[in-house]
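Structure first, then comments.
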Amino acid sequence: MLRRKPVSVLVLLLFGILLLLDRYSEIPSWTFAILFLLFLGITVCGSFLIQWNYHLTSLHANKATKNNEIALTFDDGPHPEYTPQTLELLKKHDAKATFFCTGKAIEQHPELFKKIFAEGHTVGNHTYSHSKSFGFFGTEKVIEELHKTADVVKNLTGKQLKLYRPAFGVTNPMIEKAVAQLKVQSIGWNVRSLDTTSRNEAAVLERITDKVSKGDIVLLHDTSQKTIHVLERLLLFLDDNGLKSVTVDQLLNIEAYDS
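Numbering-wise (my numbering), the sequence shown opens with residue 377 and increments by one.
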């Protein structure tokens, strides 16, 4: 797997070799341009593809598990209309899930957030604002966002969050530094539902059911009626195939909160 530091060292080494060779035999300028564009392309992909673990290590699955368990995860809530429906479906199927919530949404719906927690689901940090420009925030701004959400949760539940899911799955050196300083664990996924795209319910459900197997972490969003319809059918599929949804901390054998 490509990681930023080894890739950077290799690119610098190659650049140095090219400069050295250029002293004895003129190296075409396009050679340097290609090297730079290759490095840029890898870095951009590594920033947007969280599964690469390019900038920081996220946990995406536990394929070593011996149990027929997966982890359903829901981002961007709590939502006043769709989160209650999500909770009702999970309760009906005796399933547990993990909700990566934004601090702003928690502040707007504190009782709903406490219900998520009270019903035995795990909650994690999904930034405060979920800003579209989050990937351009400096380290201090990232820390401020995560601190703000953590403080809201601590005031409501008494728990200190240890799990973090990057907004949009974007990572970079600033987020890496913030995660290290705050000592939180980044959680990714290995089954992406694409439920926030224009795909219809059948296509979203098929995308999940064609891939999912024990140990997987599934990315969903408790923010639309489409996802509710998908979830209803997905839970039936899991029941029929002997798979049980548990929280990510249970699946990964890690702690979700600091005591």
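Think of the CB as a built atom: it goes at the ideal place given N, C-alpha and C, for glycine as much as any other residue.
Just so you know, these numbers come straight off a predicted model, no measurement behind them.
As an exercise, report each continuous beta strand (DSSP E) stretch of at least 3 residues that is fully enclosed by the segment 430-474, in chain order. The segment 430-474 contains, as complete beta strand (DSSP E) runs of 3+ residues, the segments 445-451 (chain order).
With distance defined between alpha-carbon atoms, name the residue in His605, Leu463 and Asp451 nearest to Lys490. Answer by Cα proximity: Leu463.
For Asn501, list the residues DSSP reports as bridge partners. Asn501 pairs with Cys477 and Tyr540.
Phe475 versus Met377, Asn444, Lys524 and Gly564, residue with shortest Cα-Cα distance: Of Met377, Asn444, Lys524 and Gly564, the residue nearest in Cα terms is Gly564.
For Phe391, which residues in the same chain have their Cβ closer than 8 angstroms to its Cβ, ignoring the five residues on either side in sequence? Result list for Phe391: Phe408 and Leu411, in chain order.
Distance check for Leu537 and Val420, CA to CA, integer angstroms please. C-alpha separation (whole angstroms): 29 angstroms.
For Leu414 and Ala526, I'd like the C-alpha separation in whole angstroms. If you take the alpha carbons of Leu414 and Ala526, they lie about 38 angstroms apart.
Please confirm whether Ala471 and Leu435 have their CB atoms less than 8 angstroms apart. With a cutoff of 8 angstroms on beta-carbon distance, Ala471 and Leu435 are scored as not near each other.
Could you compute how far the alpha carbon of Ile492 sits from the alpha carbon of Asn531? Here the C-alpha atom of Ile492 lies approximately 15 angstroms from the C-alpha atom of Asn531.
Since His597 and Phe450 are thought to touch, with beta carbons under 8 angstroms apart, how far apart are those beta carbons, to the nearest angstrom? With 8 angstroms as the limit, His597 and Phe450 qualify as a contact, their Cβ atoms being about 6 angstroms apart.
Rounded C-beta distance between Pro549 and His431? I'm assuming under 8 angstroms. Rounded, the Cβ-Cβ distance is 6 angstroms, consistent with contact.
Count the CB pairs spanning the segment 589-608 and the segment 566-577 that are closer than 8 angstroms, and state whether there are at least three. Taking one beta carbon from each stretch, the segment 589-608 and the segment 566-577 have 3 or more pairs nearer than 8 angstroms; the two touch.
Just reading off the beta strand (DSSP E) that Leu596 is part of, what are its end residues? Taken as a continuous stretch (DSSP letters only), the beta strand (DSSP E) holding Leu596 covers Ile593 to His597.
Just to confirm, are Ile335 and Leu378 a CB contact at a threshold of 8 angstroms? For the chain, the structure presents residues 377 to 635; residue 335 sits outside this window and is missing.
Report the three-state DSSP secondary structure of Arg609 (helix, strand or coil). Residue state for Arg609 is assigned as helix, using DSSP reduced to three classes.
Use the C-beta contact count for Gln561: other C-beta atoms within 10 angstroms, 16 or more gives buried, fewer gives exposed. For Gln561, the number of other beta carbons within 10 angstroms of its own is at least 16, and it is reported as buried.
Just to confirm the assignment, what range does the alpha helix (DSSP H) spanning Gln670 have? The displayed coordinates of the chain run from 377 to 635. Any statement about residue 670 would go beyond what the structure contains.
For Lys620, name the three-state secondary structure that DSSP assigns. Assignment of Lys620 by DSSP, reduced to helix, strand and coil, places it in the strand class.
Take Gln484 as the anchor and find which of Val528, Pro542, Leu619 and Leu614 has the nearest alpha-carbon. Considering only alpha carbons, the answer is Val528.
Identity of the residues DSSP links to Asp634 by a beta bridge: Beta-bridge pairing links Asp634 to Gln536.
Per DSSP, Val567 forms a beta bridge with which residues? Val594.
Cutting at 7 angstroms between CB atoms, please list the residues of its own chain near Leu388, excluding the five before and the five after it. Cβ neighbours of Leu388 beyond the five flanking positions: none.
Taking only three categories from DSSP, how would you classify Asn531? If DSSP states are grouped into helix, strand and coil, Asn531 belongs with the helices.
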